[in-house]
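The next block holds one structure in the form of structure tokens; read it before the comments.
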Amino acid sequence: MKGLYVFFGMIASGKTYLAEAFARKHDLAYYNTDRVRKELAGFSAESRCGDDFGKGIYTREFSQKTYGKMLDLAESSIGAGKGVILDGSYSAMIERGRVRVMAETLGLRPLFVFCGCPENMVRQRLELRAKDLQAVSDGTWQIYLSQKLSFENPRELPEEELITLDTTGEVEMLLYELERKIKDRIA
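For reference, each letter of the sequence shown is one residue, going 0 to 186 in numbering that gives the first Met the number 0.
This is how it looks when you write it as structure tokens:
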């Protein structure tokens, strides 16, 4: 299942959990915005930055730098013949557009996997994450509420490039469903 996959959605939507499992199963290069952002800032992945939405390493400028680095990493891996997963909120139409432009220049059609789940599950996941000392994401309920106001739904993506997935189930079932949807797009 080589190609360029973008797992995106709101925080605590299950995108990272699913993206990591998909990357392992299909031996794909995997890049996560939380990790890349912290590396660019000189922090360890597990360090807690505590910055509010739109502040510190979460400003628009730093986010643009982060998403630019994600594209550089993807292009390098694709150039080396490896399939790639980009994992992040990709909440702005412009960031998704940059992925599409890069893919087009490389002769690829990206596949965007829009992950979501009910809000009560988001809250549960964020509460669990807050207790996990190894968690990479700095997401909180307040950040979720702020992101919810600014998230641009992916109306610009053509149907053949978009898969929408409810991440409520177990990872094995989600992988099965995702693979089935990918095969439908390719067929």
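We put the CB at the ideal spot given by N, CA and C, even for glycine.
As the structure is a computational prediction, the values presented were derived from the model and not from experiment.
Please report the straight-line C-alpha distance between Val170 and Ala20, rounded to a whole angstrom. One alpha carbon belongs to Val170, the other to Ala20, and they sit about 8 Å apart.
Note down the Cα distance separating Leu105 from Leu125, rounded to an integer number of angstroms. Leu105 and Leu125: Cα-Cα distance of roughly 37 Å.
With DSSP run on the structure shown, which of helix, strand or coil describes Tyr16? Three-state DSSP puts Tyr16 in a helix.
Is Lys24 closer than 8 Å to Leu177 when the C-beta atoms are compared? No, the pair does not count as a contact, with Cβ atoms beyond the cut-off.
Can you check whether the CB of Ile84 is closer than 8 Å to the CB of Tyr16? Result no, Cβ atoms of Tyr16 and Ile84 do not sit closer than 8 Å.
Report the rounded CA-to-CA distance for Met69 versus Ser62, giving the unit in angstroms. Each residue's alpha carbon lies about 10 Å from the other.
Mind checking whether Lys180 and Ile162 have CB atoms under 8 Å apart? Judged by beta-carbon spacing, Ile162 lies within the 8 Å limit of Lys180, meaning their Cβ atoms are closer than that value.
If we ignore side chains and look at the alpha-carbon of each, how far apart do Glu94 and Ser75 end up? Their backbone Cα atoms lie some 18 Å apart in a straight line.
Report buried or exposed for Met172, applying the criterion of at least 16 other Cβ atoms within 10 angstroms of its Cβ. It counts as exposed.
Assuming contact is defined by CB atoms lying nearer than 8 Å, are Thr167 and Gly87 in contact in what I supplied? Not a contact, by the Cβ cut-off of 8 Å.
Roughly how many angstroms separate the alpha carbons of Glu159 and Leu110, rounded to a whole number? Rounded to whole angstroms, the gap between the alpha carbons of Glu159 and Leu110 is 8 Å.
Which listed residue (Lys37, Lys81, Cys116, Lys130) has its alpha carbon closest to that of Lys64: Ranking the options by Cα distance to Lys64, first place goes to Lys37.
Assign Ser12 to buried or exposed, taking buried as 16 or more other Cβ atoms, counted over all protein chains shown, within 10 Å of its Cβ. Counting Cβ neighbours within 10 Å, Ser12 comes out buried, since at least 16 surround it.
Can you check whether the CB of Ala102 is closer than 8 Å to the CB of Leu3? With respect to the 8 Å criterion, Leu3 and Ala102 are classified as neighbours on the basis of their beta carbons.
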